[in-house]
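From first to last, the protein sequence lines stand for chains A and B.
Just so we're aligned, residue 61 is where the first sequence starts under my numbering, counting upward by one.
Just so we're aligned, residue 10 is where the second sequence starts under my numbering, counting upward by one.
For reference, the structure discussed in these notes is given below.
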Amino acid sequence: MVLSQSIARSPALEDVTIHIQKLYKHYGNTIAIRGIDLDIRRGELFGLIGPDGAGKTTTFNILGGVMEATAGVAQILDLPARNARNHTGYLTQQFSLYPDLSVDENIHYSAGLRLVPEDQLDARRTKYLKLMQLEPFRDRLAGWLSGGMKQKLALCCALVAEPQVLLLDEPTTGVDTIARREFWDILARLTAEGITVMVATPDLDEAERCDRVALIHTGQIQQVGSPAALKAALHLSRLVIRTADLVKAEQALIPLIEPNGQIADVSTLGDHIEVLVKDAQPGTALVRDRLKQQSIEPIQATDPTLENVFIALLRRKGSIPQSIPFPRSQQFATPTADPATPKLAISARRLNRVFGSFHAVVDLDLDVHYGEVYGLLGANGAGKTTTIKMLCGLLPISCGEMSLAGERGNLRSAALRQRIGYMSQKFTLYDDLTILENLHFYSGVYGIPPRQQREKIRWVLAMCGLEGQEDLLTRQLPGGWKQRVAFGASVMHEPEILFLDEPTSGTDVLARQQFWQLINDFARHGTAILVTTHYMTEAEQCNRMCFMVAGRKVTEGSASEIKAMQPGQLFELQVETLQTSYNLLRQHLEPWRISIFGDRLHVVLDHPDVELPQIRSWLQTDAPSKIQPIPFSLEDAFIGEVQRAGGAPP
Amino acid sequence: MIMRRIRNQFFKELEQFQRDRLGVALAFILPVIALLIIGFAIRLEAKNIPLVVRDLDQSTLSRSYIEQLYATNLFVPAEWQGVRFPDAIDRGTAQVQVTIPPGFAADVNAGRTGEVLVVIDGSDVINARVTQLAVDGVTLSAVQRALGEGQLGELEQFAIVAQVRLWFNPGRQESLFIVPGSYGVILAIFPPLLIAIALVREKEQGTILQLYASSLSAVELLLGKSLAYMLVGLGEAVLLFIVGLLLFGVRFIGDPIPLVIGTLIFLFTGVQLGLIIGIFTTTQSAAVQAIGTIKVLTAFLLAGFLFPLNSVPFPFSVASYLVPVRYYIELCRDVFVRGSGWFGTWYLIVAMVLLGIAEFGIAWWGMRRMQLSS
């Protein structure tokens, strides 16, 4: 029996490091995982993507050996997952660090936990700290690190035991776009050394860098394959349409969506509209015909993205959240239609905040009008949250002047607080109350008249897709759903000024789209909105924005103004081996000039006629199949501006 | 290998503990404050009981009787402002009222029975008993004196004379009773509280998942944490002993080795209970409430700290045997007051060892899977 088994095992199977078969997990009556089968090979970078509450964390908990499966097999290196714990590194969704221990102490403790030989500890610690660029901060307490550095430290702690398998549950949530890229660069290097990495992420741009991805929905795996294969299996082409009036163009195209027709999907992403069509040629003609009245730039037909694959899947499953109109009872100001006399909602002059010896915000000037969505963008630790807290009156200012909704003096008066809404980075809901109790509480706090309360609460529940489940305890909700309820709770009282601090962090792409529809809807009805986000595709939807670096404002303007300010010209490179080409070019170009976007490379060049041939020669064997100039996206601008201004603060 | 992981856990706990300066300060200041409050505030000996006297006889004998009452050092004179005689007791200005009727001295001198009316406020049971004994004693000695003045020889005629000697604490110093006991009470509360919070915090912060995801065993985790907080507890104990010596003059009598060993074992039993509560609760507030209730009630009421254990009624009397503080208080009283050495303490240490093993077993059972419960 044993003999026949070892013979039957093919060499390919020998290489399987993670083996999951018919895995089930029940929590009481709810079924989190229903029959997952999966084989992941050594050195693979494997992505697990799915909407909030699809069962990703449960799968990780079982593979990490911290939770028992109800039925089925979960093996790592041919051992039951629990017995393989010494070969596995597991990064949980919460930062798995001791905030009151220093960087060194955290690593030392992890090493002891996993019995790293004492004589090797120092060498390994130095190696990984160097890899993560954390060496200068060895004595800093983990609690004082920025989000991106915390995740890198957590990865260090897992790596110090030199595991063969890494399990990473949404490691880049709440991490800024530059630190996220660095994190994925590190993952790519690790897999090159033969470590198997399984990673969950809500960001589908990142997922493009995986060798293979699995789409998981309601506890089942729907599709597995390389991003290229999944995109090809969609049998659709993607048309990128750039035009001045995105809203109008989208409205014109949406009625054309048919399940089996030419146009499969239309969505606004940042500064452009994406349309999925069956065939590129007739599709382009159809769209062009439909948008006759508008001036549009030439339509580009390209391959679909993973995001398209994901949304198409969810559309098939019928789990696209609906947009439900907000039951409005007041109107504050005329929408931005009348820009001649915009009314100021928030105004700040030379705002400063000092914590001890740390200057968190330096001489910040800021104006936000009613009916405007203003984006506050920056890397982790740039001072965005501090600014928001000062502007909504939660944190006293060190010096400077500000006015909020016309008030200058008492920013903490009850009457004023009634008129503003605030959703913080951390969940503002009570974990031990039910969803309904939470909503009742907040509607009471904000003094919503009893007659409107029921209607508003019903709206929040409908918007979150939680009707009939309002008696669930809030802590039982997956992170992304809590976020939606928290958003609902913060807008129920129809605030005239709304502060949103990373409202979309950790939520899936659909929830993010829905959030932005709501944000835009509120702005159209006159609410002034100040929002922070790490997703630049979202930031494109802000009317105006600023980039902050180390507490200072470095750039301000509308998305198109900021893009126009960028130096040089941007080129998109399509290459076969993304990571190798990227590493090659990194040796020659300044860091801000090159970055990975999905499955493409973006390169900023000052003198393309000289530099393009150079790039071709550097890449040699892996010459790009296609090089084309493209307009700057906000994300390109952000990476360039922030890195040129001194980069992300430690 | 096991030792290395225990050591690793031990040092990490201490690093975390000392990082929070306020926490460290509280861990050492609060026990001392508790010792001061308990040591100075608790007075079991009845003193300063307000007494009202109505002397209607106004004779030499009645006055000397009253003098003797005050000479017990038990009573202080209270003012009687009422209209009716019982007013002072009704109002609570006096707890005892003595009325000496007219003709008291005449009766005694004539060989008749002299009568004195003593009314005691019985709502305070302890003081009432003490007062009753004191009044009886004063009356007896007054009678003896009166008799002695008349017929001296009769004293020798008593058949039995008890020769009472107070050992160990001849001056009946109360601090010698309270302070060693309070060591037990204080050390029963603080170390378990600290370790329970440390464990629950790992759950709240989610770092416990990292422990589950490594192959650290329950025994290694529990011992590592226990040893760290036993060390903290030991620091608290030494501090308490020093303060007790300086402020209350409580010093070692005889062999201190039983105290050293007993303190370590007692701290072990304490932190095991802290761990058990940390394992079965999920929030810091629940853990603090559980420790507060269990430890404070058992230490004060079921450990013989203030009230003698032999008078505790049936089901509770059995429960008191499961309370480690009971044995530790006994041990402290031996080492600091009696000084009988191993002879009078070995069985106390054995009892604590048994309880400690049982508690460790329960903690291990609760933690044995090192997994999330579904």
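C-beta: ideal position from N, C-alpha, C; glycine also.
Just so we're clear, the structure is a prediction, and the values are computed from it rather than from any experiment.
Query raised in the report: DSSP three-state call for B/Gly365: helix, strand or coil?
Result: In the structure shown, B/Gly365 sits in a helix (DSSP, three-state: H, G or I).
Query - Option nearest A/Ile448 by Cα separation, candidates A/Leu560, A/Lys291, A/Phe575 and A/Trp519 - result: The candidate whose alpha carbon is nearest that of A/Ile448 is A/Leu560.
Requested in this report: Check whether the region 577-590 of chain A touches the region 149-159 of chain A, counting contact only when three or more Cβ pairs, one atom from each stretch, lie closer than 8 Å.
Outcome: Touching, no, given that fewer than three Cβ pairs across the two stretches are closer than 8 Å.
Report task. Go through its chain and collect everything with a Cβ distance to A/Asp568's Cβ below 8 Å, but skip five positions before and after it. Result -> Correct list, in chain order: Gly110, Pro111, Asp112, Pro262 and Gly540.
Report task. Compute the distance between the beta-carbons of A/Val259 and A/Ile136, then report whether it is under 7 Å. Result -> Not closer than 7 Å, so no.
Query raised in the report: By a C-beta neighbour count over all protein chains shown, 10 Å radius and 16 as the cutoff for buried, is B/Phe257 buried or exposed?
Result: B/Phe257 should be labelled buried.
Query raised in the report: A/Gln154 versus chain B: which residues are under 9 Å apart at the beta carbon?
Result: Per Cβ cutoff of 9 Å: Gln214, Gly215, Thr216 and Leu218.
Query raised in the report: If you count every other CB in all the chains shown that lies within 10 Å of the CB of A/Gln353, and 16 or more means buried, which is it?
Result: Its Cβ having fewer than 16 others within 10 Å, A/Gln353 is exposed.
Requested in this report: For A/Gln65, count neighbouring C-beta atoms within 10 Å of its own C-beta (all shown protein chains included) and say buried if the count is 16 or more, exposed if not.
Outcome: Its pLDDT being 40, under 50, A/Gln65 is placed unreliably by the model, and nothing is read from it.
Query raised in the report: If you draw a straight line from the C-alpha of A/Cys452 to the C-alpha of A/Leu464, how long is it?
Result: Their backbone Cα atoms lie some 7 Å apart in a straight line.
Query - Top-ranked residue by Cα proximity to A/Pro358, from A/Ala345, A/Leu455 and A/Pro364 - result: The residue among A/Ala345, A/Leu455 and A/Pro364 with its C-alpha nearest the C-alpha of A/Pro358 is A/Ala345.
Report task. Give me the Cα-Cα distance between A/Cys270 and A/Leu105, rounded to the nearest whole angstrom. Result -> Put simply, the backbone Cα of A/Cys270 is about 5 Å away from that of A/Leu105.
Report task. Decide if B/Ala207 is buried, meaning its Cβ has at least 16 other Cβ atoms within 10 Å, or exposed. Result -> When all chains shown are included, B/Ala207 counts as buried.
Query - CB contact below 7 Å: B/Gly375 versus chain A - result: With 7 Å as the cut-off, B/Gly375 does not count as an interface residue toward chain A.
Query raised in the report: For a contact meaning CB atoms closer than 7 Å, what does B/Asn17 contact in chain A?
Result: Neighbours of B/Asn17 on chain A, chain order: Tyr169, Gly172 and Leu173.
Requested in this report: May I have the straight-line CA-CA distance separating B/Ala222 from A/Pro691, to the nearest angstrom?
Outcome: So the two alpha carbons sit approximately 46 Å from each other.
Requested in this report: Could you list which residues in chain A have their beta carbon closer than 8 Å to that of B/Arg14, in chain order?
Outcome: Per Cβ cutoff of 8 Å: Gly172, Leu173 and Leu175.
Report task. Select from the region 116-134 of chain A all residues with a C-beta closer than 7 Å to any C-beta belonging to chain B, and list them in chain order. Result -> Listed by position along the chain: Asn121, Gly124, Gly125, Val126, Met127 and Glu128.
Query - B/Gly370 versus B/Val321 - alpha carbon distance - result: Distance between the alpha carbons of B/Gly370 and B/Val321 is about 29 Å.
Query raised in the report: Should the region 612-631 of chain A be called in touch with the region 692-708 of chain A, which here means at least 3 C-beta pairs below 8 Å?
Result: Yes, they touch.
Query raised in the report: If you measure beta-carbon to beta-carbon, which residues of the region 223-235 of chain B are closer than 8 Å to chain A?
Result: Residues Ser223, Ser224 and Leu225.
**Report entry** Amino acids of chain A, ordered along the chain, whose beta-carbon sits closer than 7 Å to that of B/Gln380
**Finding:** The answer, in chain order, is Val126, Met127 and Glu128.
**Report entry** Nearest residue (CA-CA) to A/Val337, options A/Arg184, A/Gly435, A/Asp164 and A/Leu313
**Finding:** In terms of Cα proximity to A/Val337, the closest of A/Arg184, A/Gly435, A/Asp164 and A/Leu313 is A/Leu313.
Query - A/Arg185, buried or exposed, once every other Cβ within 10 Å from all chains shown has been counted against 16 - result: So A/Arg185 ends up on the buried side.
Query raised in the report: For B/Phe314 versus B/Ile285, is the C-beta distance shorter than 7 Å?
Result: Against a cut-off of 7 Å, the Cβ pair of B/Ile285 and B/Phe314 comes out as no contact.
Query raised in the report: Comparing the C-beta of A/Leu161 with each C-beta of chain B, is any distance below 7 Å?
Result: At a cut-off of 7 Å between beta carbons, A/Leu161 contacts chain B.
Report task. List the whole-angstrom C-beta distance separating A/Ile238 from A/Ala439, where the pair is believed to meet the contact cut-off of C-beta under 8 Å. Result -> Yes, they are in contact, since the Cβ atoms of A/Ile238 and A/Ala439 sit about 6 Å apart, within 8 Å.
Query raised in the report: By how many angstroms is the C-alpha of A/Ser156 removed from the C-alpha of B/Val219?
Result: Note that residue 219 of chain B is Gln in the sequence shown, not Val. Annotation: B/Gln219 to A/Ser156 spans about 7 Å, alpha carbon to alpha carbon.
**Report entry** Assigned exposure category for B/Ile366 - 16 Cβ within 10 Å defines buried
**Finding:** Answer is exposed; the Cβ neighbour count stays below 16.
Query raised in the report: Grouping DSSP H, G and I as helix and E and B as strand, with all else coil, what is A/Arg413?
Result: Of the three classes helix, strand and coil, the one that applies to A/Arg413 here is strand, per DSSP.
Requested in this report: Using only alpha-carbon positions, find the residue among B/Pro333, B/Gly348, B/Asp64 and B/Phe199 that is nearest to B/Ile300.
Outcome: Each of B/Pro333, B/Gly348, B/Asp64 and B/Phe199 was checked against the Cα of B/Ile300, and the nearest Cα belongs to B/Phe199.
Query raised in the report: Roughly how many angstroms separate the alpha carbons of B/Leu161 and B/Val170, rounded to a whole number?
Result: Note that B/Leu161 scores 46 on pLDDT, short of 50, meaning its location in the model is unreliable; the coordinates nonetheless yield the value given after this. If I take the Cα positions, the gap works out to 17 Å.
Query raised in the report: When DSSP labels each residue in this structure, what does A/Glu616 get in the three-state scheme?
Result: A/Glu616: strand per DSSP, three-state reduction.
Query - Contact under 7 Å by Cβ, B/Ala360 with B/Val332 - result: Contact annotation: B/Ala360 and B/Val332 have beta-carbon atoms that are not nearer than 7 Å.
Report task. Find the nearest neighbour of B/Met376 within the set B/Phe345, B/Thr122, B/Leu243 and B/Lys234, judged by alpha-carbon distance. Result -> Of the listed residues, the one whose Cα sits closest to B/Met376 is B/Lys234.
**Report entry** Exposed unless 16 or more other CB atoms sit within 10 angstroms - verdict on B/Thr302
**Finding:** By the neighbour-count criterion, in which a residue is buried when 16 or more other Cβ atoms sit within 10 angstroms of its Cβ, B/Thr302 is exposed.
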